[in-house]
Every structure is written in structure tokens, then in C-alpha cells.
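Q: Quick note on the working numbering: the sequence shown kicks off at 5 and runs consecutively.
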Amino acid sequence: MKKLFSLLLTLTLVFSVCSFAHAASINLDSLQYDVYMRGETVTVYGTSDVYFTMGLYPPEESSLPAKLVIVYSPSALANGIEIELGDDESSWPDGTWTIVCQSGSARDEISFEIAETVDREEDETTSSSNKGNSSSSTITSTVTIISLEQTEITLAVGETAEIAITTEATSLSLEMDDESIVTASLSGKTLSVTGRKRGTAYVWVLGSSNYASLRVSVVAATEQVTEAPTDEETEEETEAATEEATEEATEAATEEATEEATVAVSFNDIETHWAKDDITYLASRGIVSGMSDGIFAPDQNVTRAQFVTMLNNAFSLPAYEGDAVFTDVPADSWYYSAVMAAYQAGIVKGSGDLFNPDSLVTRQDMAVFAYRAAQYKGLSADNPTGEAFDDDSDISDYAKDSVYAMRTLGIINGMTETTFSPLGNATRAQAATIIAKLYRLV
């Protein structure tokens with residue numbers, strides 16, 4: 005999955021509203037039942053002292069995406085979080101389902117089975133009194149199923165395919181990770197996809213609480229068999245045909261070289277993470293790297309120096325050739341080249357003679373750096389749209405334009421539908437998602 009999480013990803017940015025002297029913790033209680041049937045409701049209880057994301061992950065053998073990835077407050081677990089299981093067997097297959105709650109290193113998970121039938125003696129005492137009156141205090145997370153007639157197709161250049169969409173969602177939108185390879189459009193419950201050039205790309209159909217992805221492999225158009233040139237064919241026609249064939253061969257060779265420029269990268273700690281596809285996308289292009297062999301640490305906070313280095317890797321900023329500017333960015337530091345290149349490009353400015361490279365980057369500074377990078381690459385949003393965030397007064401004056409411009413460009417959204425949390429610290433996964441979106445847009 006790649007750009008596909010546009011809405012869900014931003015909703016899953018994890019933050020804590022206060023500082024704790026002790027380590028954050030999340031503890032989930034056992035579920036009422038071990039086995040559930042489609043159409044039933046699973047209620048999750050537990051304790052947490054931080055805001056956290058909850059993800060519902062299907063059986064591994066199904067290859068389906070996460071059903072929900074939502075941010076909850078610490079009180080939600082105490083009250084009970086309800087997850088309504090759908091009725092569609094193809095989208096809710098039998099097998100082991102896993103609920104994962106996580107905030108940074110604090111993590112807990114529980115599993116349950118979905119089966120066609122369940123032999124269960126109804127325990128009225130348990131069902132009616134389990135952790136209190138759930139009918140009045142629980143939070144319901146309704147998931148609208150989106151499924152495609154096919155999840156993987158192969159097209160020739162110039163060929164168009166139509167894929168049927170099955171969903172009860174009333175509003176759908178599209179995302180594509182590379183429109184130079186494939187373009188797509190929606191017409192009611194039909195997805196139309198057209199191959200543009202050789203390569204592989206993803207298309208996502210997005211709803212308000214779920215999505216479906218389509219992997220598209222585009223191959224060269226089948227060569228047409230033509231008759232041998234006749235004596236009447238002019239020399240100009242022959243020359244034009246030769247030039248066209250040469251151009252096509254050159255383009256194909258260039259595309260192959262580009263495809264080979266990306267390398268397969270995998271990390272052991274992102275298999276079920278919401279940002280897996282964005283992280284893999286950037287890592288395969290050398291834009292981000294792991295903290296150690298096989299470890300990316302997606303939920304670890306990112307520093308200012310690390311984020312600027314990612315931006316520099318993504319956009320290959322010209323090398324800085326001037327004198328030292330920041331006293332806390334020594335010439336022998338690993339981040340010197342990236343920070344100074346970003347300074348030269350107008351992406352970072354620092355505070356006086358300090359850059360504070362080891363400080364954690366805030367969400368508002370991440371928006372500022374990213375938007376300046378967008379402007380450097382020729383993108384802008386001079387007339388931002390949408391209502392002000394409820395916590396607009398918490399956004400520093402120097403960051404307001406960038407925050408709302410990045411929202412208009414579809415790069416950064418709020419922590420919720422109405423709040424931005426400007427002073428919250430960003431994680432490595434969040435940073436990778438922002439840079440992946442910007443990289444694709446540029």
C-alpha cells in the first residue's frame with residue numbers, strides 16, 4: 005500500500021496530551037468470546053495512559069488491508085470500544101483477526117476467530133454486565149466495506165480496464181502513486197484504469213473509513229505485424245519509422261534502468277504498520293533508511309536533523325558551498341550537508357545561529373519545512389481552503405500559512421477532523437508519509 009492512506013494515515017498520527025514520569029502503557033482485557041460470527045460486535049476493554057491507535061488486521065492468508073486504524077483517547081478503552089463485524093464473507097473471511105493498540109513503544113494486542121457458526125451458551129450475566137453498561141458508554145467504530153472485482157491486473161500501454169466496486173459508501177475518491185504509469189477515474193461504482201507507460205503502480209479507492217487497492221502492471225503494447233515496405237514507400241516514411249522505433253527502444257531502456265534503480269527493502273517492524281507502504285516506497289529509493297539492520301522504528305520520534313535529511317534525500321538539493329551558519333551544526337556532523345543544503349534552498353532558517361538539530365520536530369515545523377520544499381520545487385497553495393482548525397490559536401504565526409497550504413495540497417491533515425496539534429512531536433512513520441506524498445506530488 006502506498007499513497008493509499010491519505011485520510012486514514014493522518015488520523016493515525018499518535019500523540020500524548022501530557023508528559024508522564026513513567027513509561028506509557030496500554031493493556032487490553034480478554035475479549036468476551038474467543039470466536040465470533042460475521043455481523044456480531046466485538047467490544048474491546050482495557051487501560052491506557054496515552055492516546056493510541058487501534059488497528060484491526062485480517063488473517064494473514066487473506067492479504068486484505070487493515071479494516072480500521074483510528075486514534076482513541078485513554079478513556080475509550082475503559083468505556084469500551086465496539087467493532088462491528090461485517091456480513092460479507094469475502095471482506096470478513098474466517099480465520100484469526102488481530103486487534104493492535106499502540107502508541108510508540110507501548111503496545112498490546114488480542115486476537116479472536118471469525119467462524120461461520122459458533123456454539124455458544126449465552127451468559128446473560130456476562131453479556132449484560134461486562135465492564136458496565138456498554139449501550140450507553142461505548143464508542144462505535146463503523147467500517148464501510150470497499151471491495152474490488154479484481155485486486156491485481158495487467159494492462160498494455162494505452163489499454164483501459166473497468167473494475168466493478170462493491171460498497172455501501174456514498175462518497176468515494178481516488179489516489180494513485182504514479183500517474184505517469186497509470187491514470188484512473190470513477191463513474192458510480194465502476195473504476196476505469198488506463199495504462200500510460202511500462203511499470204507498476206497502485207490505485208486506491210477511498211471511502212470515509214476504509215479503502216481498497218488495485219495493483220496495475222503496465223506492459224508494452226503488442227507489436228503490430230505490418231507488410232514489408234513496397235517500392236512506393238518513400239525514403240522519408242522509412243526514416244520516420246526508424247526514428248520512432250529508436251525513440252521507443254530508448255524510452256523502454258530508460259524505463260528499465262529506472263525500475264532497476266529501486267531496490268527491494270524490508271523492515272521487520274513494519275509488517276502490520278499503517279505506514280508500511282510509504283516507508284517501503286521511500287526506502288527502495290534510498291530516501292529513508294533504518295535505525296539498524298532490519299529495524300525502521302516507525303513510532304520513534306524524528307528529530308529536526310533527521311527530517312531535513314529525508315527532505316534532502318528526496319529532492320537532491322544542491323550542495324552548500326558557503327561558510328558555517330549554525331554553531332550547533334558542525335562541519336563533521338552526519339547531517340551537516342543536508343541541513344546546509346536545506347538552508348541554502350530556503351527550507352530551514354533556524355533561530356539566530358542555532359538550528360537545534362537534535363530537537364524533536366513538531367508537527368507545525370514539519371509542515372513549514374515540507375511546504376518550503378514544495379515551493380522550492382514549484383508547488384504552492386496561495387489560497388488555502390477549508391475552515392480553521394479548532395486549535396488554530398496554538399499554531400505559531402510563522403507556521404499558519406504552511407499548515408493550511410499543506411492541507412490544501414493534500415499533504416498534511418489534522419490529528420482529528422477539527423484539530424491539528426501543532427506542538428505534537430512527529431514520528432518517523434509520519435515523516436515518511438508526508439515526504440512520500442510530497443515526493444509523488446512533485
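Ideal placement from N, C-alpha and C gives every residue a C-beta, glycine not left out. Because the structure is a prediction, the values reported are computed rather than measured.
Grouping DSSP H, G and I as helix and E and B as strand, with all else coil, what is Leu-413?
A: Within the sequence shown, the letter at position 409 stands for residue 413. Reduced to three states, the DSSP call for Leu-413 is coil.
Q: Can you confirm whether the segment 343-359 touches the segment 405-424 when touching is taken to mean that 3 or more C-beta pairs between the two stretches lie within less than 8 Å?
A: With a cut-off of 8 Å, the segment 343-359 and the segment 405-424 do not count as touching, because too few Cβ pairs lie within range.
Q: Could you give the distance in angstroms between the alpha-carbon of Pro-233 and the alpha-carbon of Lys-381?
A: Indexing the sequence shown from 1 puts residue 233 at position 229. Indexing the sequence shown from 1 puts residue 381 at position 377. In this predicted model, Pro-233 has a pLDDT of only 46, less than 50, meaning its place in the structure is not dependable; the value taken from the coordinates is given anyway. About 48 Å.
Q: Thinking C-alpha only, which one of Glu-117, Ser-94, Ile-85 is nearest Thr-100?
A: Counting from 1 along the sequence shown, the entry for residue 100 is found at position 96. Out of Glu-117, Ser-94, Ile-85, Glu-117 has the C-alpha closest to the C-alpha of Thr-100.
Q: What do you get for Leu-286, buried or exposed, if any count of 16 or more other CB atoms within 10 angstroms of its CB means buried?
A: Taking the first residue of the sequence shown as 1, we reach residue 286 at position 282. The residue is buried, with at least 16 neighbouring Cβ atoms inside 10 Å.
Q: By a C-beta neighbour count over all protein chains shown, 10 Å radius and 16 as the cutoff for buried, is Thr-155 buried or exposed?
A: Residue 155 sits at position 151 when you count from the first residue of the sequence shown. Counting Cβ neighbours within 10 Å, Thr-155 comes out exposed, since fewer than 16 surround it.
Q: Excluding sequence positions up to five away, which residues of its chain have a Cβ less than 8 Å from the Cβ of Ala-224?
A: Counting from one through the sequence shown, the residue named residue 224 turns up at place 220. Closer than 8 Å at Cβ, skipping near neighbours: Ala-160, Val-161, Arg-202, Ala-256.
Q: In chain order, which continuous runs of the alpha helix (DSSP H) of length 4 or greater are located wholly inside the segment 270-310?
A: DSSP runs (the alpha helix (DSSP H)) wholly in the segment 270-310: 280-287.
Q: Which one of Phe-359, Tyr-402, Met-314 has the shortest CA to CA distance from Ala-328?
A: Stepping through the sequence shown from its first residue, residue 328 is reached at position 324. Selected option, being the one with the closest Cα: Phe-359.
Q: According to DSSP, which residues form a beta bridge with Gln-106?
A: For the purposes of this step, residue 106 is taken as residue 102 along the sequence shown, with counting starting at 1. Partner(s): Thr-57, Arg-111.
Q: Excluding five sequence neighbours on each side, which residues of the same chain lie with their C-beta closer than 6 Å to the C-beta of Ser-406?
A: Numbered from 1 along the sequence shown, position 402 holds the residue referred to as residue 406. Within the same chain, Ser-406 has close Cβ partners Ala-371, Val-372, Tyr-375.
Q: When you compare only the Cα positions, how much space is there between Glu-113 and Thr-102?
A: Your numbering for residue 113 matches position 109 in the sequence shown. Your numbering for residue 102 matches position 98 in the sequence shown. Roughly 7 Å separates the two Cα atoms.
Q: If you draw a straight line from the alpha carbon of Met-344 to that of Ser-384, how long is it in whole angstroms?
A: The sequence position of residue 344 within the sequence shown is 340, counting from 1. The sequence position of residue 384 within the sequence shown is 380, counting from 1. Computed Cα separation, rounded: 23 Å.
Q: Rounded to whole angstroms, what's the CA-CA distance from Thr-331 to Arg-308? Just pull it up for me.
A: As a first step, residue 331 is located in the sequence shown; it is residue number 327 there, counting from the start. As a first step, residue 308 is located in the sequence shown; it is residue number 304 there, counting from the start. The straight-line gap from Cα to Cα measures roughly 15 Å.
Q: Within 8 Å, do at least three Cβ pairs link the segment 294-310 to the segment 430-439?
A: In short, these stretches touch, since the Cβ pair count reaches three.
Q: Could you compute how far the alpha carbon of Val-104 sits from the alpha carbon of Ala-335?
A: Against the sequence shown, residue 104 aligns to sequence position 100. Against the sequence shown, residue 335 aligns to sequence position 331. C-alpha separation (whole angstroms): 43 Å.
Q: How is Arg-457 classed by DSSP in three states: helix, strand or coil?
A: There is simply no residue 457 to check, as the chain begins at 5 and stops at 446 in what is shown.
Q: Mapping the DSSP letters down to three states, classify Ser-95 as helix, strand or coil.
A: Sequence index remark: in the sequence shown, residue 95 carries index 91 (1-based). Ser-95: coil per DSSP, three-state reduction.
Q: Buried or exposed: where does Ala-377 fall if 16 or more other Cβ atoms within 10 Å of its Cβ makes it buried?
A: The sequence position of residue 377 within the sequence shown is 373, counting from 1. Buried, since its Cβ has 16 or more Cβ neighbours within 10 Å.
Q: Where does Phe-424 fall in DSSP's three states?
A: Residue mapping note: residue 424 aligns to position 420 of the sequence shown, counting from 1. Residue state, collapsed to three classes: coil.
Q: Based on DSSP bridge pairs, tell me the residues matched to Thr-171.
A: The residue you call residue 171 lines up with position 167 of the sequence shown. Bridge partners of Thr-171: Ile-150.
Q: Please go through the same chain and pick out, in chain order, the residues whose beta-carbon is closer than 6 Å to the beta-carbon of Ser-317, but skip the five residues on each side of it.
A: Looking up residue 317 in the sequence shown gives position 313. Contrary to the premise, residue 317 reads as Asn rather than Ser in this sequence. Around Asn-317: Ile-291.
Q: Note down the Cα distance separating Glu-1 from Leu-60, rounded to an integer number of angstroms.
A: Residue 1 cannot be examined here, being either before or after the span of the chain that is shown, 5 to 446.
Q: Between the Cα of Val-122 and those of Gly-199, Tyr-55, Gly-43, spot the shortest distance and give me the residue it belongs to.
A: Position 118 of the sequence shown, counted from the first residue, corresponds to residue 122. Ranking the options by Cα distance to Val-122, first place goes to Gly-43.
Q: Among Ser-341, Thr-284, Asn-31, which has the Cα closest to the Cα of Leu-321?
A: Sequence index remark: in the sequence shown, residue 321 carries index 317 (1-based). The candidate whose alpha carbon is nearest that of Leu-321 is Ser-341.
Q: Could you give the distance in angstroms between the alpha-carbon of Met-516 and the alpha-carbon of Leu-195?
A: Nothing can be reported for residue 516: it is not among the residues displayed for the chain, which extend from 5 to 446.
Q: Measuring straight from C-alpha to C-alpha, what distance separates Asn-429 and Leu-35?
A: Indexing the sequence shown from 1 puts residue 429 at position 425. Indexing the sequence shown from 1 puts residue 35 at position 31. Near 33 Å, if we compare the C-alpha coordinates of Leu-35 and Asn-429.
Q: With a threshold of 16 other CB atoms inside 10 Å of the CB of Trp-338, please say whether the residue is buried or exposed.
A: Working through the sequence shown from its first residue, we reach residue 338 at position 334. The residue in question, Trp-338, is exposed, as its Cβ has fewer than 16 Cβ neighbours within 10 Å.
Q: Give me the Cα-Cα distance between Ala-265 and Tyr-324, rounded to the nearest whole angstrom.
A: Within the sequence shown, numbered from 1, the residue matching residue 265 stands at position 261. Within the sequence shown, numbered from 1, the residue matching residue 324 stands at position 320. With a pLDDT of 49 at Ala-265, under the threshold of 50, the modelled position of this residue cannot be trusted, and the question is left open.
Q: Kindly indicate which residue of Lys-71, Ala-82, Glu-86 has the alpha-carbon position closest to the one of Asp-92.
A: Here residue 92 refers to the residue found at position 88 when the sequence shown is read from its first residue. Checked all of Lys-71, Ala-82, Glu-86; the closest Cα to Asp-92 is Lys-71.
Q: So if DSSP puts Tyr-76 in a beta bridge, which residue, or which two residues, is it bridged to?
A: Here the question's residue 76 lines up with position 72 in the sequence shown. Answer by DSSP bridge pairing, in chain order: Phe-56.
Q: Between which two residues does the beta strand (DSSP E) containing Ala-205 stretch?
A: Numbered from 1 along the sequence shown, position 201 holds the residue referred to as residue 205. Start and end: 203-210.
Q: Under three-state DSSP, which class holds Ile-351?
A: On the sequence shown, position 347 is the one that residue 351 refers to. Three-state result, Ile-351: coil.
Q: Gln-368 to Gln-106, Cα distance in whole Å?
A: Position 364 of the sequence shown, counted from the first residue, corresponds to residue 368. Position 102 of the sequence shown, counted from the first residue, corresponds to residue 106. Gln-368 and Gln-106: Cα-Cα distance of roughly 23 Å.
Q: Closer than 7 Å by C-beta to Ser-422: which residues in its own chain qualify, once you throw out the five before and the five after it? Chain order, please.
A: Translated into the one-based positions of the sequence shown, residue 422 becomes position 418. One detail in the question is off: residue 422 reads as Thr in this sequence, not Ser. Phe-393, Asp-394, listed in sequence order.
Q: Is Ile-438 buried or exposed, if buried means 16 or more other CB atoms sit within 10 Å of its CB?
A: Here residue 438 refers to the residue found at position 434 when the sequence shown is read from its first residue. The residue in question, Ile-438, is buried, as its Cβ has 16 or more Cβ neighbours within 10 Å.
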